[in-house]
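First the structure, in the form of structure tokens, and then the observations on it.
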Amino acid sequence: SLLLSLAAAFALFGERANGDKLAGLALGLLAMAGIVHRPGPTPAGAARAAPWLLLVWAGFALIDVSLKRIAQAGTPFAASLLVAFAIAFMLLLGVLLWRHLRGTAPLAWRNVGAGLLLGTLNFGNIAFYVRAHQALPDSTAVVFAAMNLGVIVLGALLGVLIFGEKTSAWNRAGLLAALLAIVLIAVGARG
151 SLLLSLAAAF
161 ALFGERANGD
171 KLAGLALGLL
181 AMAGIVHRPG
191 PTPAGAARAA
201 PWLLLVWAGF
211 ALIDVSLKRI
221 AQAGTPFAAS
231 LLVAFAIAFM
241 LLLGVLLWRH
251 LRGTAPLAWR
261 NVGAGLLLGT
271 LNFGNIAFYV
281 RAHQALPDST
291 AVVFAAMNLG
301 VIVLGALLGV
311 LIFGEKTSAW
321 NRAGLLAALL
331 AIVLIAVGAR
341 G
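Counting in the working numbering, the sequence shown runs from 151 upward without gaps.
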């Protein structure tokens, strides 16, 4: 999705390239390869899953572009974002209650609380994302790359620290490269 978002930054939003930005973006793409690298044979269902993965990537890129457009429009996004999250919460709570009443899934309040926490964190992420686009209106690629890479790095660190996820040398090298890429992109945004 980052490739599609970056293409949009240059094609739709007039992003200007410089050496540091391009080096950071290239390093970020290499970092992504290192982060997602899994040793061993490719799983049997990978070919069937590829179209769905591409659809998800296109969806994420569409969301990136939409949030940039919202930032450009200067609309009071916080209120509309809060309404969208409240509606999503009510819809998904309805699904949980329906599944509980049908007996297919017990309702666990701990799961509802975890969902609220995750939704709150997601709300904050999107709010900061739009604010970043407003603060750096001429650096769309910087915001796209820094936010995407930042979320991946933080998610990976949480996976390792909280859930004990195992990482390979490739994964760790990818995480370090992603951090360096964010620094290069930030330096490129200044120059």
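Here a beta-carbon is modelled for each residue, glycine too, at the ideal position from N, C-alpha and C.
So residue i packs on residue j, CB below 8 Å; how close in whole Å?
i	j	result
Val280	Ile332	Their Cβ separation, rounded to whole angstroms, is 19 Å, which puts Val280 and Ile332 out of contact at 8 Å.
Gly184	Gly324	2 Å
Leu156	Ala291	5 Å
Ala181	Leu299	7 Å
Ala327	Leu172	That pair is no contact at about 15 Å.
His283	Leu334	The Cβ separation is near 20 Å, so there is no contact.
Ala208	Ala158	11 Å between Cβ atoms; not a contact.
Leu286	Ala339	7 Å
Phe294	Leu152	7 Å
Measure the alpha-carbon distance for residue i versus residue j and round it to whole angstroms.
i	j	result
Met297	Gly244	32 Å
Ala196	Leu203	10 Å
Ser318	Pro189	8 Å
Leu254	Ile237	It should be noted that the sequence gives Thr, not Leu, for residue 254. Straight-line Cα distance between these residues: approximately 23 Å.
Val303	Phe273	18 Å
Leu162	Leu257	45 Å
Gly164	Val206	25 Å
Pro191	Leu251	42 Å
Ala277	Val215	15 Å
Ala200	Arg249	30 Å
Ala167	Leu330	18 Å
Lys316	Val301	18 Å
Trp320	Thr225	42 Å
Asp170	Val337	7 Å
Ala228	Gly263	22 Å
Val310	His187	16 Å
Return the first residue and the last residue of the alpha helix (DSSP H) that residue i is part of.
i	result
Ala211	196-223
Ser151	Careful: Ser151 lies outside any alpha helix (DSSP H) and carries neither H nor E.
Asp288	Premise fails: Asp288 is in no alpha helix (DSSP H) and is neither H nor E.
Ala181	169-186
Leu257	Taken as a continuous stretch (DSSP letters only), Leu257 belongs to no alpha helix (DSSP H), as it is neither H nor E.
Arg340	319-340
Gly244	227-252
Candidates the options: which alpha carbon is nearest residue i's?
i	options	result
Phe239	Lys218, Asn261, Ala255	Asn261
Leu241	Pro226, Gly224, Ala258, Gly265	Gly265
Phe235	Leu307, Ala258, Asn275	Asn275
Gly305	Leu268, Val206, His283, Arg166	Leu268
Arg322	Leu247, Pro226, Leu307, Phe160	Leu307
Thr270	Ala336, Val310, Leu232	Leu232
Are any of the Cβ atoms in chain B nearer than 8 Å to that of residue i?
i	result
Ser155	Any reference to chain B falls outside this structure, which holds one protein chain only.
Please indicate yes or no: does the CB of residue i lie closer than 7 Å to some heavy atom of the ligand HEM?
i	result
Leu326	Inclusion of the ligand HEM in the displayed structure is not the case, the ligand content being empty and no account of it being possible.
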